[in-house]
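Read left to right, the sequence shown gives residues 1 to 169 (my numbering).
Cβ coordinates follow ideal geometry from the N, Cα and C atoms, glycine included.
Note that the structure is a prediction, hence the values are computed from the model and not measured.
For reference, the structure is listed below as structure tokens.
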Amino acid sequence: MVCLLDMKEFENTELQSKIFIEDGAYHKLLSIIEESLRKVETGGIIIGHYDSAFQNAIITEFTGPPEDSKAGRFRFYRGIKGLRNLLQQYWKERNEYYLGEWHLHPGSSPNPSHTDIEQMKKISKDKNFNCKEPILLIFGEIAKKQVTCLMMFKDGKMYSYKEKDFERK
Ligand SMILES: [Zn+2]
Numbered sequence: 001m002v003c004l005l006d007m008k009e010f011e012n013t014e015l016q017s018k019i020f021i022e023d024g025a026y027h028k029l030l031s032i033i034e035e036s037l038r039k040v041e042t043g044g045i046i047i048g049h050y051d052s053a054f055q056n057a058i059i060t061e062f063t064g065p066p067e068d069s070k071a072g073r074f075r076f077y078r079g080i081k082g083l084r085n086l087l088q089q090y091w092k093e094r095n096e097y098y099l100g101e102w103h104l105h106p107g108s109s110p111n112p113s114h115t116d117i118e119q120m121k122k123i124s125k126d127k128n129f130n131c132k133e134p135i136l137l138i139f140g141e142i143a144k145k146q147v148t149c150l151m152m153f154k155d156g157k158m159y160s161y162k163e164k165d166f167e168r169k
């Protein structure tokens, strides 16, 4: 499938909010996943910014797993090594900041597990993250097809974002 647009667009109609993923960031995500050989869970953080009205998020970067991460077939613990410096650098150079988390469900559905949901709720309340509405992206597979699940957590609730299909327009 060829897409000429340089961003992927996801929407939640209830919140009238969109999340955009820059093409460069998405391709980097695919290469990180390729590197893990899809055998173990992998993940990292999402960096980007909101628009001026704080309605839409723009994702510009997915980081790979920090060195001190721990990964298994069905679990992933994201480490923290180097993230503070990285985020300081993004803030200084590009006014961009932590938006949330991403991880891989190798060979299985991208639906969030109970643990995934609880973890995101914790992050939204954790002052260290300074992110009340964190985004979670899970990359998985349904019937051998790659599927992305994108959601945002706000006031203890989970909101799903659906990818806009430009092909059908
Ligand atoms: Zn998960």
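Closest residue to residue i among the options (Cα-Cα distance)
i    : options              : result
F74  : G43, F62, T63        : G43
D23  : E35, D6, S17         : D6
F62  : L99, E35, E163, Q119 : L99
L104 : K18, E9, F129, K39   : K39
S124 : Y26, Q88, K154       : K154
Y50  : E67, G64, I21, K28   : I21
K8   : G156, M120, L29      : L29
I117 : E101, N128, F129     : E101
S52  : L86, E67, S17, K70   : S17
G156 : E163, P134, S36      : P134
S36  : G64, L15, T60        : G64
S79  : E67, N85, Y90, L86   : The question names Ser, yet the displayed sequence has Gly at residue 79. Comparing Cα-Cα distances from G79 to each of E67, N85, Y90, L86, the minimum goes to E67.
N128 : S31, L87, D165       : L87
K145 : L136, S109, T60      : S109
Y26  : E93, T60, E96, W91   : T60
C131 : V147, E14, E93, M152 : M152
Three-state secondary structure (DSSP) of residue i
i    : result
M1   : Because M1 carries a pLDDT of 46, less than 50, the predicted location of this residue cannot be relied on, and the following value inherits that uncertainty. Coil at M1, not helix or strand.
G48  : strand
S113 : coil
G24  : helix
K169 : Because K169 sits at a pLDDT of 43, beneath the cut-off of 50, its placement in the model cannot be relied upon, and the point is left open.
E163 : strand
Q16  : coil
E141 : strand
E41  : coil
E133 : coil
CB-CB length for residue i against residue j, believed under 8 angstroms
i    : j    : result
G72  : E41  : 7 angstroms
G48  : I58  : 5 angstroms
I138 : P112 : 6 angstroms
I19  : L150 : 6 angstroms
F54  : E163 : About 22 angstroms separates the two Cβ atoms, so there is no contact after all.
N12  : S160 : 7 angstroms
### Query
Fully enclosed by the segment 57-127, which alpha helix (DSSP H) runs are 4 residues long or longer?
83-94, 114-125
### Query
Counting Cβ pairs closer than 8 angstroms, one from the segment 140-150 and one from the segment 118-132, do we hit at least three?
no
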